[in-house]
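What follows is a short report on a single structure.
Protein chains: 2
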Amino acid sequence: MNFCSACGKSVSRKIPLGDNVARFVCDSCQAIHYHNPKIVAGCIPEWEDQILLCRRAIEPKTGLWTFPAGFMEIGESTEQAAIRETKEEAQADVEITGLHAVLSLPHIGQVYMVFRGRMLTSAYEAGAESLEVGLFPLTAIPWSQIAFPVVREALRRYVDDVTAGRFQLHLASLSDRLPS
Amino acid sequence: MNFCSACGKSVSRKIPLGDNVARFVCDSCQAIHYHNPKIVAGCIPEWEDQILLCRRAIEPKTGLWTFPAGFMEIGESTEQAAIRETKEEAQADVEITGLHAVLSLPHIGQVYMVFRGRMLTSAYEAGAESLEVGLFPLTAIPWSQIAFPVVREALRRYVDDVTAGRFQLHLASLSDRLPS
Chain A
57 MNFCSACGKS
67 VSRKIPLGDN
77 VARFVCDSCQ
87 AIHYHNPKIV
97 AGCIPEWEDQ
107 ILLCRRAIEP
117 KTGLWTFPAG
127 FMEIGESTEQ
137 AAIRETKEEA
147 QADVEITGLH
157 AVLSLPHIGQ
167 VYMVFRGRML
177 TSAYEAGAES
187 LEVGLFPLTA
197 IPWSQIAFPV
207 VREALRRYVD
217 DVTAGRFQLH
227 LASLSDRLPS
Chain B
57 MNFCSACGKS
67 VSRKIPLGDN
77 VARFVCDSCQ
87 AIHYHNPKIV
97 AGCIPEWEDQ
107 ILLCRRAIEP
117 KTGLWTFPAG
127 FMEIGESTEQ
137 AAIRETKEEA
147 QADVEITGLH
157 AVLSLPHIGQ
167 VYMVFRGRML
177 TSAYEAGAES
187 LEVGLFPLTA
197 IPWSQIAFPV
207 VREALRRYVD
217 DVTAGRFQLH
227 LASLSDRLPS
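Here the protein sequences line up with chains A and B, keeping their order.
Take any residue in the first sequence, count from 1 to its spot, add 56: that is its number in the numbering used here.
Take any residue in the second sequence, count from 1 to its spot, add 56: that is its number in the numbering used here.
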């Protein structure tokens, strides 16, 4: 941030009165500009004993696999965001059956909220941001070609839960030292 | 948003190529400025059969009661944010024992993530943003003086869970038509 989005003048990084975190503050109108973590809403779509994964058509990590996920928008709920991303990236319709994981990525200011979703039909197709989409048995997940460590972590915990025969909510914070 | 925070020139609201949501886009450098929902991390601190509530010293809703809650910061996890807010507003130390509720407020672009927290000692005190802080038995929650509908909703579901003798995760989206 170089300029105040309210008045267009220069900003400086300083700790506002009564605060304890440095913010961008306008040198002219004194507006304080807060930057907060973003929510990435994701869904693991389930069809019988398989899950739906997408191969990314966009940067970063073009060509690698993920479950449908993307930034939540203003005006929707977390569940609606997960359903929308599944529709956009995999052209699949799901109903949310539970919250699988809340994974914080403090170093990049993101929180992944990953839901389990039951596919309403077996239909799917690559959306604009996917090269291809496919159903995978849990024994055939392409572990060496997963796009992001947080996606691998969520999938690993999902497979553990299915193996154990019970779902639980996973709360965790992932450091930037995870192998990519 | 009136000006581009990158170059200081004017912005217009338009749908970027490949997007389907209107964003603020710089008329000069073409930077796209995304606004996303913010996470409010909260904690219901428990001490024996009581919970800790704070009476707000700041606007909005000065003088009304809430559990500790506030905007999550970049660089922390959701759990750390809830612990920090409890320390700041009630000077109490908690360990997080579970996620109670994820309550989306689509109309104002907020997601409340409310945790249950076990107080590590019985010590508490009003922080800078609180007029007073107190432990309440669940039968004595000041329902008519709760600061926000989302706080009342989270507390109501908490009391239901305690009454039922089992905790569950609450996922819900609250409309702007809730009685305030």
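C-beta: ideal position from N, C-alpha, C; glycine also.
A quick note: this is a predicted structure, and the numbers were derived from the prediction, not measured.
With 16 as the cutoff for other CB atoms within 10 Å, does residue i come out buried or exposed?
i	result
residue 60 (chain B)	buried
residue 134 (chain B)	buried
residue 70 (chain B)	exposed
residue 231 (chain B)	exposed
residue 86 (chain B)	exposed
residue 112 (chain B)	buried
residue 164 (chain A)	exposed
residue 211 (chain A)	buried
residue 57 (chain A)	exposed
residue 181 (chain A)	exposed
residue 77 (chain B)	exposed
residue 174 (chain B)	exposed
residue 64 (chain A)	buried
residue 172 (chain B)	buried
residue 101 (chain B)	buried
residue 131 (chain B)	exposed
residue 208 (chain B)	buried
residue 221 (chain A)	exposed
residue 168 (chain B)	buried
residue 109 (chain A)	buried
residue 104 (chain B)	exposed
residue 73 (chain A)	exposed
residue 203 (chain A)	buried
residue 145 (chain B)	buried
residue 161 (chain B)	buried
residue 219 (chain B)	exposed
residue 184 (chain A)	exposed
residue 151 (chain B)	exposed
Give the DSSP-derived three-state secondary structure of residue i in the structure shown.
i	result
residue 200 (chain B)	helix
residue 91 (chain A)	coil
residue 65 (chain A)	coil
residue 130 (chain B)	coil
residue 144 (chain B)	helix
residue 179 (chain A)	coil
residue 185 (chain A)	coil
residue 152 (chain B)	strand
residue 86 (chain A)	coil
residue 236 (chain B)	A caution first: residue 236 (chain B) carries a pLDDT of 49, below 50, which makes its placement in the model too unreliable to give a value.
What span of residues does the alpha helix (DSSP H) with residue i cover, start to end?
i	result
residue 207 (chain B)	205 to 220
Can you give me the start and stop residues for the beta strand (DSSP E) that residue i sits inside?
i	result
residue 106 (chain B)	106 to 112
residue 117 (chain A)	Unbroken run through residue 117 (chain A): none, as it is neither H nor E.
residue 82 (chain A)	79 to 82
Looking at the strands, I want to know which residues DSSP matches up with residue i.
i	result
residue 193 (chain A)	A:106
residue 168 (chain A)	A:96 and A:159
residue 227 (chain B)	B:158
residue 59 (chain A)	A:66
residue 74 (chain B)	The partner list for residue 74 (chain B) (beta bridge, DSSP) is empty, contrary to what the question assumes.
residue 101 (chain B)	B:173
residue 125 (chain A)	A:98
I want to check one thing, is the minimum distance from the CB of residue i to the heavy atoms of the ligand SAH below 6 angstroms?
i	result
residue 104 (chain A)	In the structure on display, the ligand SAH does not appear, and there are no ligands present to speak of.
Legend entry - Cβ pair count under 8 angstroms reaching 3, the segment 108 to 128 of chain B against the segment 112 to 128 of chain A: no
Inset, instruction - State whether the segment 183 to 191 of chain B contacts the segment 211 to 227 of chain B, with contact taken as three or more CB pairs (one from each stretch) at a distance under 8 angstroms. - result: no
Inset, instruction - Flag this pair as touching only if the segment 220 to 228 of chain B and the segment 150 to 157 of chain B have three or more C-beta atom pairs under 8 angstroms; answer yes or no. - result: yes
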